[in-house]
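Step one of this worksheet: look at the structure below.
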Amino acid sequence: MAAIYSLYIINKSGGLIFYKDCGTKGRMDTNDCLRVASLWHSMHAISQQLSPVNGCSGIELLQADTFDLHCFQSLPGTKFFVVCEPGTPHMESLLRYIYELYTDYVLKNPFYEIEMPIRCELFDINLTQAVQSDRVALLGR
Amino acid sequence: MAPVGPRSGDAIFSSIDRVNAELFTLTYGAIVRQLLTDLEDVDEVNKQLDQMGYNIGIRLIDEFLAKSGVSRCVDFKETAEMIAKVGFKMFLGVTASVSSWDADGTCCSIILEDNPLVDFVELPDTCQGLYYCNVLSGVIRGALEMVSMKTEVTWTRDALRGDDAYELQVKLLKQVAEEYPYKDDE
Numbered sequence: 001m002a003a004i005y006s007l008y009i010i011n012k013s014g015g016l017i018f019y020k021d022c023g024t025k026g027r028m029d030t031n032d033c034l035r036v037a038s039l040w041h042s043m044h045a046i047s048q049q050l051s052p053v054n055g056c057s058g059i060e061l062l063q064a065d066t067f068d069l070h071c072f073q074s075l076p077g078t079k080f081f082v083v084c085e086p087g088t089p090h091m092e093s094l095l096r097y098i099y100e101l102y103t104d105y106v107l108k109n110p111f112y113e114i115e116m117p118i119r120c121e122l123f124d125i126n127l128t129q130a131v132q133s134d135r136v137a138l139l140g141r
Numbered sequence: 001m002a003p004v005g006p007r008s009g010d011a012i013f014s015s016i017d018r019v020n021a022e023l024f025t026l027t028y029g030a031i032v033r034q035l036l037t038d039l040e041d042v043d044e045v046n047k048q049l050d051q052m053g054y055n056i057g058i059r060l061i062d063e064f065l066a067k068s069g070v071s072r073c074v075d076f077k078e079t080a081e082m083i084a085k086v087g088f089k090m091f092l093g094v095t096a097s098v099s100s101w102d103a104d105g106t107c108c109s110i111i112l113e114d115n116p117l118v119d120f121v122e123l124p125d126t127c128q129g130l131y132y133c134n135v136l137s138g139v140i141r142g143a144l145e146m147v148s149m150k151t152e153v154t155w156t157r158d159a160l161r162g163d164d165a166y167e168l169q170v171k172l173l174k175q176v177a178e179e180y181p182y183k184d185d186e
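Protein chains in written order, with UniProt numbering: chain L, 1 to 141; chain D, 1 to 186.
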């Protein structure tokens, strides 16, 4: 059974604003998470420069033997990425769905300050439901 | 679940949660009224409404992009059409039309025939300088700024002031490149 390890949201300037462990495997402490987030932000920016043709929007999928990393960047610049077991399906739709949850439960919360760390319980609850493996399969349809 | 391309404004409008239009209109009216009481100056109220709109716009853009499945527009013309046809429909339930393009395609008018914000409004003599719907111009400005377009949005026609429609002039001032590395002097 393919599993999701963790989920990150980074703001326009590369700061980690949300992190969530989704399973028992692949857990990381806070410092490592921050490091991964800022590393990924820079690598994503560099990858745009690597493109031989203009208009590249950066790495969308990084595959390694022990994990896959799927990234989705919204047009305003917030990045959502999920780290999962190699070959986990439907991650693109999951990321798009998380983006919708973010607009509904984070941005519409009047007490959420834009670009700041996300502490919204409703977002957490809905996200937990979304990453349950049977829900993810549903998104793929 | 993954949107396979831009969805139409109608489709999105019918699929998201909505509130009673009267509640919306009356709430907006109450806000404007309260601002007039608090600030006691019509120009200040215009400014405040614009700022409120801006604050809404910088958040709203994400919802617009997430739920419409719209991706990067090729030029400002497409952007204006998207605002008029998808944006207005999605959030206000009305469609607007785009016209009066200038020669280099950086300035246009968005015309609203139907405007749910003003259903019960008559502007009294004491508020003649008020742009009652100024929140809308702020929303557009804020939303476009988040996708790296600096714009200036002004009302050119306002039915509450005796014109025959609502017309917003949207002027593209500058397109900020979003690519790294940012230049040192920026």
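Even for Gly, the Cβ is constructed at its ideal location relative to N, Cα and C.
Residues that DSSP places opposite residue i in a beta bridge
i	result
Lys174 (chain D)	D:Lys150
Ala96 (chain D)	D:Leu112
His70 (chain L)	L:Leu61, L:Val82
Tyr166 (chain D)	D:Leu112
Asp21 (chain L)	L:Ser6
Arg72 (chain D)	In DSSP, Arg72 (chain D) forms no bridge with anything.
Trp155 (chain D)	D:Leu168
Cys107 (chain D)	D:Lys171
Leu16 (chain L)	L:Ile10
CB-CB length for residue i against residue j, believed under 8 Å
i	j	result
Ser97 (chain D)	Ile111 (chain D)	5 Å
Leu94 (chain L)	Val136 (chain L)	5 Å
Tyr131 (chain D)	Val32 (chain D)	In fact, because the Cβ distance is near 10 Å, the residues do not count as touching under 8 Å.
Ala37 (chain L)	Leu16 (chain L)	4 Å
Ala130 (chain L)	Ile98 (chain L)	7 Å
Leu65 (chain D)	Leu75 (chain L)	6 Å
Leu136 (chain D)	Gly9 (chain D)	Contact flag wrong, Cβ pair sits at about 16 Å.
Asn134 (chain D)	Leu49 (chain D)	4 Å
Gly58 (chain L)	Lys12 (chain L)	Not quite, the Cβ-Cβ distance comes to about 13 Å (not below 8 Å), so this is no contact.
Val82 (chain L)	Gly26 (chain L)	Going by Cβ atoms, the distance from Val82 (chain L) to Gly26 (chain L) rounds to 11 Å, so no, they are not a contact pair.
Outcome for residue i when other beta-carbon atoms lying within 10 angstroms are tallied against a minimum of 16
i	result
Ile61 (chain D)	buried
Ser109 (chain D)	buried
Ile4 (chain L)	buried
Thr27 (chain D)	exposed
Ser42 (chain L)	exposed
Thr128 (chain L)	exposed
Glu186 (chain D)	At Glu186 (chain D) the pLDDT is 48, less than 50, meaning the model places this residue with poor confidence; the figure from the coordinates comes in the next sentence. Counting Cβ neighbours within 10 Å, Glu186 (chain D) comes out exposed, since fewer than 16 surround it.
Ser6 (chain L)	buried
Gln34 (chain D)	exposed
Leu61 (chain L)	exposed
Ala103 (chain D)	exposed
Thr103 (chain L)	buried
Gly87 (chain D)	buried
Asn54 (chain L)	exposed
residue 169 (chain L)	The structure shown does not extend to residue 169 (chain L), since chain L is modelled only from 1 through 141, so no value can be given for it.
Met116 (chain L)	exposed
Cys120 (chain L)	buried
Glu158 (chain D)	Just to set this straight, residue 158 (chain D) is Asp in the shown sequence, not Glu. Buried: at least 16 other Cβ atoms inside 10 Å.
Glu63 (chain D)	buried
residue 181 (chain L)	Outside the displayed span of chain L (1 to 141) sits residue 181 (chain L), for which this structure offers no information.
Asn46 (chain D)	buried
Ile125 (chain L)	exposed
Leu39 (chain L)	exposed
Residue closest to residue i, alpha-carbon to alpha-carbon, out of the options
i	options	result
residue 221 (chain D)	D:Ile58, D:Cys107, D:Asp119, D:Arg59	Lying before the first or after the last residue shown, residue 221 (chain D) is absent from chain D, which here runs from 1 to 186.
Thr88 (chain L)	L:Asn54, L:Phe67, L:Gly23, L:Met28	L:Phe67
Ser133 (chain L)	L:Cys22, L:Gly55, L:Thr103	L:Cys22
Arg7 (chain D)	D:Lys89, D:Val19, D:Asp114, D:Glu113	D:Lys89
Leu123 (chain D)	D:Asp50, D:Ala80, D:Asp163	D:Asp163
Tyr8 (chain L)	L:Lys25, L:Gln73, L:Gln49, L:Gln48	L:Gln73
Leu117 (chain D)	D:Val42, D:Cys107, D:Val94, D:Asp43	D:Val94
Ser47 (chain L)	L:Arg27, L:Cys71, L:Cys120	L:Cys71
Val74 (chain D)	D:Lys67, D:Ser68, D:Gly105	D:Gly105
Gln12 (chain D)	D:Lys67, D:Ala165, D:Val42	For clarity, residue 12 (chain D) is Ile in the given sequence; the question names Gln instead. Closest option to Ile12 (chain D), Cα to Cα, is D:Lys67.
Ile16 (chain D)	D:Glu78, D:Val70, D:Leu92	D:Leu92
Thr30 (chain L)	L:Phe111, L:Glu100, L:Phe18	L:Phe18
Glu85 (chain L)	L:Leu69, L:Glu92, L:Phe111, L:Leu138	L:Leu69
Arg161 (chain D)	D:Leu39, D:Ser71, D:Gln128	D:Gln128
Ala2 (chain L)	L:Gly14, L:Thr24, L:Leu101, L:Ile10	L:Thr24
Glu145 (chain D)	D:Gln175, D:Lys85, D:Ala30, D:Arg72	D:Gln175
Ala99 (chain D)	D:Ser14, D:Tyr166, D:Ala30, D:Thr25	First, the residue type needs correcting, since residue 99 (chain D) is Ser and not Ala in the sequence shown. Checking every option, the nearest Cα to that of Ser99 (chain D) belongs to D:Tyr166.
Given 8 Å as the limit, is there contact between the segment 136 to 147 of chain D and the segment 48 to 57 of chain D, that is, 3 or more CB pairs closer than that? yes
Answer yes if the segment 169 to 177 of chain D comes into contact with the segment 143 to 154 of chain D, meaning at least three C-beta pairs across the two stretches below 8 Å, and no otherwise. yes
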